[in-house]
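Each residue of the sequence shown is one higher than the one before, counting from 0 in numbering that gives the first Met the number 0.
Structure, as structure tokens:
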Amino acid sequence: MADMAHLHGNTYFRVFLALCGLTVLSVVADLLSLADRRIIVAIVLAVATAKALCVMLYFMHLKFESGWKYVLLAPTIVLALALPLSLLPDVGMHYYPQDTRQSREFARLQADHDSGHHSSEPTNAH
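Structural data, given as structure tokens:
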């Protein structure tokens, strides 16, 4: 039994070292001054995903679970996909018209202010 505990202790320590190494990698990637910031963001997100997988697999013991974890996660995945898709018409596709009287008036006032002209016309405050 002591050998089994020692084996798990070594595994957890190796995972801890991997998490430390991945953290250093993400910090180094962030400190690099690459021309394209999207590359740094992609590296940092990939490292964060790898770290999350390590934590889930070993510290949450998902590596040692049976196939039931997939059955239990199926409703969550369905809801996670259904929510953005159901909101897409309202949020993503601009279901409501974007050109309103208020937005046109604001654009006109902003253009007058930027050009240095101040309109003396009264605005309708309906």
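All C-beta atoms, glycine included, are put in the ideal place defined by N, C-alpha and C.
Per DSSP, the continuous alpha helix (DSSP H) segment holding K50 begins and ends at R36 to C53. Judged by their CB atoms, I39 and L52 are not nearer to each other than the 8 Å cut-off.
Going by C-alpha positions, V14 is about 56 Å away from Q109. Following the DSSP letters along the chain, one finds Y57 in no alpha helix (DSSP H), marked with neither H nor E. Within the same chain, L21, L24 and S25 come within 6 Å of V46 by CB-CB distance, once the 5 residues on both sides are set aside. Between L72 and K50 the beta-carbon gap is near 20 Å, outside 8 Å, which marks them as no contact.
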